[in-house]
Amino acid sequence: KGITSILVEAGPRVVTSLLRQNLFDKLLFFVAPLIIGNYGSRPFVKDLNISLVREAKGLLFNKVRRVGADIFIEAYPESKESSRVRGELPDLRETYPEPEEQRS
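Residue numbers (my numbering): 1 to 104.
This is the structure:
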């Protein structure tokens, strides 16, 4: 039996470490409709030593849903076997209805 999955909620240092070592099989993101930033503010990921698009760690979007005002994204690491064309994005024009419990 043993452990079959671990959920890690982390800051940039731990996230960067997991990404560098490919120690993840799924990423979950919530994107808020806000833009914030300041010199010295904390980034999502620290230095991965990747500066070219062709070197980027590719992701495959499995689910993209609207949750209230936010966007929820479930993504998996891109593999050599995947048939996705790099740069292809999910069609976000489709409107996802809010869950029943959020309508009131």
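Backbone N, C-alpha and C fix where the C-beta goes; we use that ideal spot for every residue, glycine too.
Computed from a prediction, not measured in an experiment: that's the story for all the values here.
Per DSSP, residue i forms a beta bridge with which residues?
i: V64; result: I73
Please confirm whether residue i and residue j have their CB atoms less than 8 angstroms apart.
i: F30; j: F61; result: no
i: L27; j: A69; result: no
Between residue i and residue j, how many whole angstroms is the CB-CB distance? I'm expecting something under 8 angstroms.
i: V8; j: L19; result: Rounded, the Cβ-Cβ distance is 11 angstroms, inconsistent with contact.
i: P33; j: L59; result: That belief does not hold up - the Cβ atoms of P33 and L59 are roughly 21 angstroms apart, past 8 angstroms.
i: T4; j: K46; result: About 29 angstroms; that fails the 8 angstroms criterion.
When the Cα of residue i is compared with those of the options, which residue comes out closest?
i: L48; options: R13, G68 and I35; result: R13
i: G11; options: F44, K63 and V53; result: F44
i: L23; options: E55, I6, V53 and I35; result: I6
i: D25; options: G2, V53, K57 and S51; result: K57
**Report entry** Whole beta strand (DSSP E) elements within the stretch 3-51, 3-residue minimum
**Finding:** Listed in chain order, the beta strand (DSSP E) runs fully inside the stretch 3-51 are 27-31, counting runs of at least 3 residues.
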